[in-house]
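For reference, the structure discussed in these notes is given below.
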Amino acid sequence: MHRITHIAKSRQRYERVPALWPDGSPRMILAKETPDGERIYRAATYPDKSRPLPDEVCESCGLPILVGTAYKWFQPGFQDADRKSRHEGCPDWHPWELSDEIEALWLHAIYLAKEGIAVSNDLQEVFDILQAYGLHLFRLGYNQLVSARLLNANNSIKKARQDRILSVAAMLEAKSIEILDFVREFDVEEQPCGACFGKGTRYSMRGPVTCIVCGGAALVPFSFETWRDSLAGSELMGIPS
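Residue numbers (our numbering): 72 to 312.
Next up, the structure:
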């Protein structure tokens, strides 16, 4: 996951130009070292103060980040053009905007499913969203499984990564099955609570529940809005710990 850098006061930015050796060849600096020990270099640059750049624009509110203003940024690539900035007071980036790891992709899928469910107007629409979500998780898990099998785990670092990928793939498959089973087995019962004559506000999904009004074990009328709103905070829409 990319690290967010917080800056108390922004400074004037300048265009960066290549740093050259006396013979005119570019200076190279170490950019990173891969787990295999391979070193990756990039051309060194320095700010040319004769070429000031305009203020950065906040991704969130669209306003310029003026000199002296607190802001935050992260850079997903090596180029300065890849840099993404926001005012310090604007919302942070979502996890899936900072990383392409499978957990971040899973969180993004949950976010989209919850957003769709929140504006749904009937059961079938919710079921369609859940089914699409479950199938999406199944595909993510399958892709992870393929990636793990293709990974040449010839050292401890790669072996640990392979084990982690396999673990997440198993969780994705289990969650997708759980969601698809939930859609297939869902059954709305509209029998009122016999103890308090239907004054309870609980609903039934797969069997008797405890009425929160009288404490009796009985089925109470189904409320779509209550069920829909509670679904977002249920374990069904979460990531197993």
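Heads up, the beta-carbon is just placed ideally off N, CA and C, and yes, glycines get one too.
All of these numbers come straight from a predicted model, not from anything done at the bench.
In the DSSP assignment, residue 118 falls within the unbroken beta strand (DSSP E) covering 116-123.
Note on geometry: alpha-carbon atoms of residue 135 and residue 122 lie some 19 Å from one another. Membership of residue 308 in any beta strand (DSSP E) is not indicated, and neither H nor E is assigned to it by DSSP. Within the same chain, and ignoring the five residues on either side of residue 113 in sequence, the residues whose Cβ sits closer than 8 Å to its Cβ are 99, 100, 102, 149. Comparing alpha carbon positions, the residue from 238, 201, 88 closest to residue 248 is 201. Boundaries of the beta strand (DSSP E) harbouring residue 102: 99-104, taken from the DSSP string. Fewer than three pairs of CB atoms, one per stretch, sit closer than 8 Å, so the region 209-221 makes no contact with the region 157-168. Contact check for residue 120 against residue 77 fails: the beta carbons are separated by 8 Å or more. When beta bridges are read from the DSSP output, residue 143 appears opposite 77, 157.
Just so you know, the alpha carbons of residue 117 and residue 158 end up roughly 25 Å apart. Excluding the 5 residues flanking it on each side, residue 88 has same chain C-beta neighbours closer than 7 Å at 116, 117, 119, in chain order.
In the three-state DSSP reduction, residue 113 falls in the strand class (E or B).
Remark: C-beta atoms of residue 240 and residue 215 approach each other more closely than 8 Å.
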